[in-house]
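What follows is a single structure, written as structure tokens, with notes after it.
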Amino acid sequence: MARYAHITGWGMSVPSRVLTNDELARTVETTKEWIVERTGIRERRVASPQQTTASLATDAALKALAAAGLSPRQVQLVIVATSTPEHIFPATACLVQDRIGAASAGAFDLSAACTGFVYALSVASQLIQTGAYQNALVIGSETLSRIVNWNDRATCVLFGDGAGALVLQSSSRPGGVLAFSMHSDGSGGDLLSLPAGGSRMPATHETIDQGLHFVSMNGREVYRFATRVMAAATREVLAKAGYVLGEVDLIIPHQANQRIIEAAARQLRVSMDRFFVNVDRYGNTSTASIPIAICEAFAAGRLHVGDRVVLVGFGAGLTWGAALLQWVAHAPVPAAPWRLSGLFIVRAMAWLRSVLRRLSRRVEAFLFGERGDTGRP
Ligand code: ACO
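Under our numbering, the first residue of the sequence shown is numbered 4, with each subsequent residue one higher.
This is the structure we're talking about:
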């Protein structure tokens, strides 16, 4: 029997701190007019010192699970697409898995920069469609404010923090993720990168002094690349599924720059009212931009049962890709008060479980010392 990967829950989490163009214009040589005219961005969110990629992801994930009516214990897979993982390892997805108490889930991070969410959705949908998994939690989460050079006007105006999550569940009913495309061109890797901090260039005093732990970008080249691939990826994913543009109800693009989205619309000969845009309020939140936009599109009444929706993104790598969805979910139920108070209980239980597991590891080490199962006699 054919299996389909339905989107049954969605949730987002953005920091409450709003950073406006006016504020930025007081710290770097720019104007709010320049930023709006060249990017469409008016404000972005910035994480507090206590907020991290994992904490935003956890908030978004719990909301998505509540909306789907799925308990964390039932979750089988957690994928976090991110360009700002908490660490190189462990994976941010493992931290989220622990914090939500998804005791039986596998978890991994996916790195494809801003296209990461489209990639992650594609991977999860295939694992569900083959019957290997019944559900998956797919999250895009970022704290880009931590890797942006706040003295570099060419990049600091662009990015913002936030997270969005979707729950995918198996169904025999047609719908959900219908097709996807994923592409890369590593020859353009240098156009947008974080030069230091990986194994190629570990952190040293020199790398810090040279600012090599900040985003480095050739904006003009990335712009040219983005305007080229957005329309192409949209056409490709539609062709794969056997649809034409006229059958698409909504296009949710990666929110990097209003002008890039308008260029894609012109190339596709689709009017802007068939695109969902919220880059003005969040800036570029990389992997989180598409799931946040999905949440807001639903809240704005732009997603209805049966709608065909294209998600399309591009990013560092270079990477680009698209997914075609048929929206199947009715109104979620996260607003129900018992569910919201339930989130607190879920968090507390997950925390308790995590503490007990750490404790049991200590007790085991104390009791058995090095005589654990090390493979030695
Ligand atoms: N305020 C004022 N002037 C600025 C600013 C600023 N914030 N930033 C750059 N400028 C200046 C430049 O120095 C340049 O001056 P110059 O002509 O004297 O050299 C001038 O403005 C024009 O610069 P351009 O780069 O040509 O400006 P452009 O119109 O291309 O806009 C922008 C720049 C917004 C960065 C654009 O190129 C862009 O959006 N590129 C794509 C970036 C992107 O989407 N990156 C994310 C990819 S997704 C991911 O994986 C994270």
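For every residue, glycine included, the Cβ atom is placed at its ideal position computed from N, Cα and C.
Worksheet item: Are there three or more Cβ pairs, one per stretch, closer than 8 Å when the region 128–146 is compared with the region 77–97?
Response: yes
Discussion item. To test your reading of the DSSP string, which unbroken beta strand (DSSP E) runs of 3 or more residues are found completely within the region 224–285?
Written reply: 253–256
Fill in: Close beta carbons around Phe278, own chain, < 7 Å, minus the five adjacent residues each side
Ile254, Pro256, Ile264, Ala268
Worksheet item: Using the rule of at least 16 other Cβ atoms within 10 Å of the residue's Cβ for burial, across every protein chain shown, is Ser51 buried or exposed?
Response: exposed
Discussion item. At a cut-off of 7 Å, would you count Trp37 as near the ligand ATP, judging by its Cβ distance to the nearest heavy atom?
Written reply: The ligand ATP is absent from the structure shown, which contains only the ligand ACO.
Worksheet entry | Neighbourhood of Met220 by C-beta distance below 6 Å, restricted to the same chain and skipping five residues each side | Thr158, Leu195
Fill in: Limits of the unbroken alpha helix (DSSP H) element including Ile100
First, the amino acid is wrong: residue 100 is Gln here, not Ile. Per DSSP, Gln100 belongs to the alpha helix (DSSP H) from 95–103.
Discussion item. Using only CA atoms, which one of Val39, His216, Leu147 lies nearest to Ala166?
Written reply: Leu147
Item to complete: Can you grab the Cα-Cα spacing for the pair Gly222 / Asn260, in whole Å?
Response: 11 Å
Fill in: Close beta carbons around Arg272, own chain, < 6 Å, minus the five adjacent residues each side
Taking Arg272 as the centre and dropping the five residues before and after it, the same chain places no C-beta closer than 6 Å to its C-beta.
Worksheet entry | Residues near Pro340 in its chain [Cβ-Cβ closer than 8 Å; skip 5 each side] | For Pro340, the pLDDT reaches just 49, beneath the cut-off of 50, and the residue's location in the model is therefore unreliable, although a value from the coordinates is still provided. So the list is empty, once near-sequence residues are dropped.
Practice prompt. Decide if the region 236–249 is in contact with the region 177–186; the criterion is three or more beta carbon pairs, one per stretch, under 8 Å apart.
Written response: yes
Fill in: Straight-line gap, Ile295 to Gly249 (C-alpha atoms, nearest Å)
25 Å
Worksheet entry | Segment limits, alpha helix (DSSP H) that includes Glu32 | Counting along the chain, no alpha helix (DSSP H) covers Glu32, and no H or E run does either.
Worksheet entry | Simplified DSSP assignment, three categories, for Ser174 | strand
Item to complete: Just mark Ser144 as buried or exposed, buried being the case when its beta carbon has 16 or more other beta carbons within 10 Å.
Response: buried
Worksheet item: Taking the C-alpha atoms as reference points, what is the distance between Ala302 and Met15?
Response: 11 Å
Discussion item. For Tyr226 and Thr42, I'd like the C-alpha separation in whole angstroms.
Written reply: 11 Å
Fill in: Rounded C-alpha distance that separates Phe347 from Leu355
12 Å
Worksheet item: Hey, Val381 and Asn281 are a contact pair by Cβ (cut 8 Å); roughly how many whole angstroms apart?
Response: Given a span of 4 to 380 for the chain in the structure shown, any question on residue 381 remains unanswerable.
Discussion item. Taking 8 Å as the threshold (beta carbon to beta carbon), is Arg6 in contact with chain C?
Written reply: Of the protein chains in the structure, only one exists, and it is not chain C.
Discussion item. Less than 7 Å separating the Cβ of Thr42 from some heavy atom of the ligand ACO?
Written reply: yes
Worksheet entry | Cβ pair count under 8 Å reaching 3, the region 159–178 against the region 25–35 | Verdict: yes, contact present.
Worksheet entry | Cβ shell of Arg20 (< 7 Å), same chain only, five flanking positions each side left out | Taken in chain order, the residues that qualify are Arg48, Val49, Ser51.
Discussion item. Quick check: the Cα distance between Met352 and Thr210, rounded to an integer number of angstroms?
Written reply: One C-alpha to the other measures close to 42 Å.
Worksheet entry | Neighbourhood of Cys18 by C-beta distance below 8 Å, restricted to the same chain and skipping five residues each side | For the sequence presented, residue 18 should be read as Pro rather than Cys. Around Pro18: Arg48, Val49, Ala50, Ser51, Gln54, Leu59, Asp164, Gly165.
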